[in-house]
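Worksheet: one structure, shown below.
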Amino acid sequence: MNVDDATTLSHKRISSIVFFRYANQPFGTWKKLGVKGPSPYPFVGNIPEMFDDRIGTCVSIAKWQKQYGRIFGAYFFRVPVLIVTDPDFLKHIFVKDFNNFTDRFFAGNRKLQQRIIRKGLFFEVGADWQRIRRIMSPTFSSGKLRLLTHYMNLTAQRLGENLKNFAASGTHVEAKKVYGAFTLDVICGTAFGLDTNSQQNLEAPFIQHAKSMLTFEKHIQIILGLAGSFPELASLFEFLDIGIFKKNDVKFFEKNLVALIQERKAHPERQKCTDFLQLLLEAEADKTHEFVGEKKLTAEEIAAQGIIFIMAGYETTSTTLQYMSYELAKNTDVQAKVKNEISKVLGDTTEPDYDKCKSLKYTEAAISETLRMYPPAHLLSRLAEREISFKDVKIPAHTGMIIPLYNIGRDPEFFEDPDSFKPDRFLNENKAKINPITYLPFGFGPRKCIAMRLAIMELKIAIVHILRAVEFVGVTPEVLDIEDFTGILVPRSPIKLHVRAVN
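All letters in the sequence shown, in the order written, are residues 7 to 509 by our numbering.
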């Protein structure tokens, strides 16, 4: 072998060693710390099993929990994460040591979300999150929520009429499509004072962009995969304004919401709308000591909350309605109990408002049971700011915590007969048997979903008008097959409801 050949071979060996070390560099973290967990693959960690269409995140986590216990280490691409279903540790994360777990964990360190999206309450971090949360909290008070029921009832009445038309024609109801249109109408009305009626006008630009922004396609996997395997690319994607949400949809809402905010500021003498946007503008204009100076929201931050309202409200509510309808169709005894309660509390004509909705206890229990079995966003995350130790587990600073809500809600140690739809378990007389830290569809502690009461009220109003109009007499598929790679529980075959008009 001559010198040139030897040099070339040496360079190849060095390149191979460098490549191998880079591919596996972060994957010794948990082994060093004595934390058990599944073996990672080069570059991508444990993602192949979590994102495998044939397996999925929920099934993978259930398998790993049986092997390694309620606290175990995994790798989200090249990033070490701790997957947690231990109630004591969950309480520590959400409440006891909240100041160390204030922020969410995001792949790409938030660089895969566009700038305005990062300013939304869900994605914001640190002092800015605390400031925005403090300003927004009064917007979701009981008094403010009472002002928003008009939009909900108007849209829910249209939903009921729409379902009657399906019953009259004898055609099935594609649940997600119909409930998605309803939910978008509620968002447009309660958030922006817009009467979109997307149940009849599916081609309106606002509706098209909202649905497009929330339709997660294959390119998301590619972006996540590249940024996860090669973290340096996240900064490049940020510079190029490439993210997991479609650029033209984000720009559409940013442009239109900022314009709407400026118009309302420029013409305060005009009749004010009672909607989420106006409530935020009033909070911004508040002259009390709590909201002066730099503590106020900027126009961009207000617009960001509007976008988050669309993102959070559309998918979660429409998904919950479709799964609840599925279970009511399968469990006609529960459907009858919900219907009887509505008749007893409201009669046949009384419009449900915030206060009357509070009396629908069994209906709320059915909603809670739906959310236990089918949490729309089935994973929560937190980020450890500082190094801590818990139950002999040493957790390095900046480690992500993954909390699998679906797995916790279906755990027989926490919920007896977890795969059966039993709303009674959430009635007041039975709630004491449930450890509240194991029921997490809205999160827990100081970062609990700020719009939880709004969401529950919207779901109750929808169910009232649905069951006044029709009854569920059948549903397909017989057995649900659910995929979860986007973080949202989606049935592989659309849920199709068979309805009969109520006389």
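Note that beta-carbon positions come from the ideal geometry of N, C-alpha and C, so glycine has one too. Source: prediction; values computed, not measured.
Buried or exposed: where does residue i fall if 16 or more other Cβ atoms within 10 Å of its Cβ makes it buried?
{"i": "residue 374", "result": "buried"}
{"i": "residue 192", "result": "buried"}
{"i": "residue 413", "result": "buried"}
{"i": "residue 46", "result": "buried"}
{"i": "residue 149", "result": "exposed"}
{"i": "residue 433", "result": "exposed"}
{"i": "residue 240", "result": "buried"}
{"i": "residue 442", "result": "exposed"}
{"i": "residue 501", "result": "buried"}
{"i": "residue 288", "result": "exposed"}
{"i": "residue 140", "result": "exposed"}
{"i": "residue 179", "result": "buried"}
{"i": "residue 204", "result": "buried"}
{"i": "residue 421", "result": "buried"}
{"i": "residue 457", "result": "buried"}
{"i": "residue 492", "result": "buried"}
{"i": "residue 34", "result": "exposed"}
{"i": "residue 338", "result": "exposed"}
In the DSSP assignment, the beta strand (DSSP E) including residue i goes from what residue to what residue?
{"i": "residue 129", "result": "Residue 129 -> no beta strand (DSSP E), and no H or E assigned at all."}
{"i": "residue 388", "result": "385-389"}
{"i": "residue 41", "result": "Here residue 41 belongs to no beta strand (DSSP E), and DSSP marks it neither H nor E."}
{"i": "residue 72", "result": "Per DSSP, residue 72 belongs to no beta strand (DSSP E); it is in the alpha helix (DSSP H), 63-74."}
{"i": "residue 88", "result": "85-90"}
Assuming residue i and residue j form a contact by the criterion Cβ under 8 Å, report the distance between their Cβ atoms to the nearest whole angstrom.
{"i": "residue 429", "j": "residue 340", "result": "6 Å"}
{"i": "residue 237", "j": "residue 84", "result": "6 Å"}
{"i": "residue 327", "j": "residue 468", "result": "6 Å"}
{"i": "residue 256", "j": "residue 120", "result": "5 Å"}
{"i": "residue 481", "j": "residue 335", "result": "4 Å"}
{"i": "residue 258", "j": "residue 249", "result": "At roughly 15 Å, the Cβ-Cβ gap does not stay under 8 Å, so residue 258 and residue 249 are not in contact."}
{"i": "residue 128", "j": "residue 318", "result": "6 Å"}
{"i": "residue 437", "j": "residue 363", "result": "Incorrect: roughly 18 Å between the Cβ atoms, too far for contact."}
{"i": "residue 461", "j": "residue 316", "result": "Actually they do not touch by this definition, with Cβ atoms about 14 Å apart."}
Leaving out five residues before and five after residue i in sequence, what residues of the same chain have Cβ atoms less than 6 Å from its Cβ?
{"i": "residue 325", "result": "382"}
{"i": "residue 298", "result": "Caution applies to residue 298, whose pLDDT of 44 falls short of 50 and renders its modelled position unreliable; the value that the coordinates give is listed next. Cβ neighbours of residue 298 beyond the five flanking positions: none."}
{"i": "residue 499", "result": "483"}
{"i": "residue 394", "result": "401"}
{"i": "residue 195", "result": "157"}
{"i": "residue 76", "result": "91 and 92"}
Considering only their Cβ atoms, is the gap separating residue j from residue i smaller than 7 Å?
{"i": "residue 451", "j": "residue 95", "result": "no"}
{"i": "residue 392", "j": "residue 107", "result": "no"}
{"i": "residue 188", "j": "residue 155", "result": "no"}
{"i": "residue 405", "j": "residue 211", "result": "no"}
{"i": "residue 305", "j": "residue 264", "result": "yes"}
{"i": "residue 181", "j": "residue 331", "result": "yes"}
{"i": "residue 116", "j": "residue 124", "result": "yes"}
{"i": "residue 43", "j": "residue 82", "result": "no"}
{"i": "residue 114", "j": "residue 310", "result": "no"}
{"i": "residue 53", "j": "residue 260", "result": "no"}
{"i": "residue 159", "j": "residue 357", "result": "yes"}
{"i": "residue 89", "j": "residue 408", "result": "yes"}
{"i": "residue 368", "j": "residue 329", "result": "no"}
{"i": "residue 41", "j": "residue 470", "result": "no"}
{"i": "residue 512", "j": "residue 333", "result": "Residue numbering for the chain in the displayed model covers 7 to 509; residue 512 lies beyond these limits and cannot be assessed."}
{"i": "residue 145", "j": "residue 285", "result": "yes"}
{"i": "residue 153", "j": "residue 323", "result": "no"}
{"i": "residue 446", "j": "residue 411", "result": "yes"}
The alpha helix (DSSP H) spanning residue i covers which residue range?
{"i": "residue 250", "result": "Careful: residue 250 lies outside any alpha helix (DSSP H) and carries neither H nor E."}
{"i": "residue 334", "result": "305-336"}
{"i": "residue 1", "result": "The displayed coordinates of the chain run from 7 to 509. Any statement about residue 1 would go beyond what the structure contains."}
{"i": "residue 215", "result": "211-219"}
{"i": "residue 415", "result": "411-415"}
{"i": "residue 149", "result": "148-152"}
{"i": "residue 157", "result": "155-175"}
{"i": "residue 476", "result": "From DSSP, residue 476 is part of no alpha helix (DSSP H) but of the beta strand (DSSP E) over 476-482."}
{"i": "residue 124", "result": "121-124"}
Return the chain-ordered list of same chain residues with a C-beta closer than 7 Å to the C-beta of residue i, the five sequence neighbours on each side being excluded.
{"i": "residue 494", "result": "321, 325, 382 and 383"}
{"i": "residue 476", "result": "169, 170, 173, 505, 506, 507 and 508"}
{"i": "residue 455", "result": "448 and 449"}
{"i": "residue 72", "result": "none"}
{"i": "residue 56", "result": "63 and 66"}
{"i": "residue 490", "result": "62, 63, 64 and 384"}
{"i": "residue 36", "result": "43, 79 and 86"}
{"i": "residue 166", "result": "471, 472, 474 and 475"}
{"i": "residue 252", "result": "218 and 219"}
Within a Cβ cutoff of 8 Å, which residues of the same chain sit near residue i, ignoring the five residues on either side of it in sequence?
{"i": "residue 266", "result": "198 and 283"}
{"i": "residue 417", "result": "91, 424 and 444"}
{"i": "residue 130", "result": "124 and 138"}
{"i": "residue 132", "result": "108 and 109"}
{"i": "residue 21", "result": "Because residue 21 sits at a pLDDT of 47, beneath the cut-off of 50, its placement in the model cannot be relied upon, and the following sentence gives the value as read from the coordinates. Same-chain partners within the cutoff: there are none."}
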